[in-house]
Amino acid sequence: GQLAPDLAEIRTSITDVSNEITQTVNKKLEDQSAAIQQIQKVQVDTNNNLNSMWAVKLQQMQDGRLYIAGIGAGIENTPDGMQSQV
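Under the UniProt record's numbering, the letters of the sequence shown match residues 1 to 86, in that order.
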């Protein structure tokens, strides 16, 4: 038999303006699909402070239902001091 290529689509975009990297990987198989998106971002806020964040989002379609999970973390310099979130 023939061996068909079975590759997931991978997309990466890098933005110099906001110093952001977004990477998305997705795959379809018949009526199913799955995707993972990762975002890394460092930016300067209006008070000239650096803020950074990282996040990942996963989603999967199965039997017409969409399932989503994700997690993120960030650090920002606020008037009350450095704040971090997960």
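Positions of the beta carbon are idealized from the N, C-alpha and C atoms, including for glycine.
Apart from the five residues on each side of it in sequence, which residues of its chain come closer than 8 Å, Cβ to Cβ, to G1?
Its pLDDT being 46, under 50, G1 is placed unreliably in this model, and the value from its coordinates should be taken loosely. The answer is none, since no qualifying residue turns up.
With three or more C-beta pairs closer than 8 Å as the rule, is the stretch 42-53 touching the stretch 63-71?
no
For the stretch 26-86, which segments carrying the beta strand (DSSP E) assignment without a break, of at least 3 residues, lie completely within its bounds, in sequence order?
32-44, 50-62, 65-78, 81-85
Could you give the distance in angstroms between the alpha-carbon of G81 and the alpha-carbon of T22?
28 Å
Just to confirm my understanding: we take G70, look at its own chain, exclude 5 residues before and 5 after, and list those with CB closer than 8 Å. What are they?
A55, V56, K57, L58
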